[in-house]
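Comments concern the structure below.
Protein chains in written order, with the numbering used here: chain A, 3 to 109; chain B, 45 to 157.
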């Protein structure tokens, strides 16, 4: 099956800093999603982005499907951005998740 | 957009006891439904998915089973829980017509003691 790799595995930032999270996948995909898992475990949808670039406030994402990667940008980070960020790709019927990037934003 | 209801939020069960976790979906019909488990260490593992009533596909052999008695209801069950069944269980759905966005419920944190 398809492999999804996320980097870095862990990231510590000071409040106000910017960051880039990366997701590489091993094969062509039908779509790609970014999620934020909050401290209570809930998965929050950030972007549905099979290709191209999208922005939502301080967050933006870019997927280059032909080169099999996606990037999530977080600007002016806040403590509430802390949590685990997951990339998930759909090959056929199901979503395959990466292992996530654990982000800690300190005040 | 669809809303996913999952309960209970937390559950502590003894080894050998049965399990029933329920997931219901509002706001869409004929969804694809999924059960994922997240063990310690962050990764999410797909357990079961369903494309329609009574249609269940299992991704990994295990002590669990799933059923879909109604279009928007998905149930995860076990006859006898093992310690290794502990984890965070998440139900998800998408609209089931092509390449669509998936949404997750709030999850059930299961501890088997």
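Ideal placement from N, C-alpha and C gives every residue a C-beta, glycine not left out.
Notebook entry, point to check: Can you list the residues of chain A that residue 87 of chain B reaches, using a CB-CB cut of under 7 Å?
Noted result: Along the second chain, one-based indexing puts residue 87 of chain B at 43. Within chain A, the residues near residue 87 of chain B are 99, 101.
Any beta-carbon of chain B closer than 7 Å to the one on residue 5 of chain A?
The count along the first chain starts at 1 and reaches residue 5 of chain A at position 3. So, not an interface residue.
Exercise. Below 8 Å, can you find three or more Cβ-Cβ pairs linking the stretch 81-97 of chain A to the stretch 29-37 of chain A?
Worked result: Yes: at least three Cβ pairs fall under 8 Å.
8 Å CB neighbourhood of residue 17 of chain A in its chain, flanking five on each side removed: Residue 17 of chain A sits at position 15 when you count from the first residue of the first chain. Apart from the 5 residues on each side of it in sequence, residue 17 of chain A sits with its Cβ closer than 8 Å to the Cβ of 79, 80, 81, 107, 108, 109 in its chain, given in chain order.
- Task: Below 9 Å between beta carbons is the criterion; list the residues of the stretch 62-81 of chain B that meet it against any residue of chain A, in chain order.
- Result: Answer in chain order: 76, 78, 80.
What does residue 51 of chain B pair with, by DSSP beta-bridge criteria?
Counted from its first residue, the second chain places residue 51 of chain B at position 7. As a beta-bridge residue in DSSP terms, residue 51 of chain B pairs with B/66.
Point to revise | Unbroken beta strand (DSSP E) run spanning residue 89 of chain B, endpoints | key: Stepping through the second chain from its first residue, residue 89 of chain B is reached at position 45. Unbroken beta strand (DSSP E) run through residue 89 of chain B: 88-96.
Item checked: chain B within 7 Å of residue 43 of chain A, Cβ atoms only -> As a first step, residue 43 of chain A must be located in the first chain, where it is residue number 41. By this cut-off, residue 43 of chain A is an interface position.
Subject >> Start-end ranges of the beta strand (DSSP E) lying completely within the stretch 42-83 of chain A, minimum 3 residues >> reply: Whole beta strand (DSSP E) segments, 3+ residues: 45-50, 54-58, 61-66, 71-76.
field: Closest residue to residue 108 of chain B among B/140, B/79, B/75 (Cα-Cα distance)
entry: Against the second chain, residue 108 of chain B aligns to sequence position 64. Sorting B/140, B/79, B/75 by C-alpha distance to the C-alpha of residue 108 of chain B places B/79 at the top.
task = Determine, using beta carbons only, whether residue 96 of chain A comes closer than 7 Å to chain B.
result = The sequence position of residue 96 of chain A within the first chain is 94, counting from 1. Yes, contact with chain B.
TODO: Go through its chain and collect everything with a Cβ distance to residue 52 of chain A's Cβ below 8 Å, but skip five positions before and after it.
DONE: For this step, residue 52 of chain A is matched to residue 50 along the first chain. By the criterion of a C-beta distance shorter than 8 Å, residue 52 of chain A is surrounded in its chain by 31, 32, 33, 34, 65, 67, once the five residues flanking it on both sides are discounted.
Distance, Cα to Cα, residue 73 of chain B vs residue 48 of chain B?
-> Position 29 of the second chain, counting from 1, holds the residue named residue 73 of chain B. Position 4 of the second chain, counting from 1, holds the residue named residue 48 of chain B. Residue 73 of chain B and residue 48 of chain B: Cα-Cα distance of roughly 12 Å.
* With 16 other CB atoms within 10 Å as the buried threshold, where does residue 116 of chain B fall? -> Residue mapping note: residue 116 of chain B aligns to position 72 of the second chain, counting from 1. Under this definition residue 116 of chain B is a buried residue.
* For the stretch 119-140 of chain B, enumerate the residues whose C-beta is nearer than 8 Å to any C-beta of chain A, in chain order. => So the list reads 132, 134, 136, given in the order they occur along the chain.
Residue 132 of chain B vs residue 99 of chain B beta-carbon contact at 7 Å: What you label residue 132 of chain B is simply residue 88 of the second chain in a count that begins at 1. What you label residue 99 of chain B is simply residue 55 of the second chain in a count that begins at 1. One thing to note: residue 132 of chain B has its Cβ no nearer than 7 Å to the Cβ of residue 99 of chain B.
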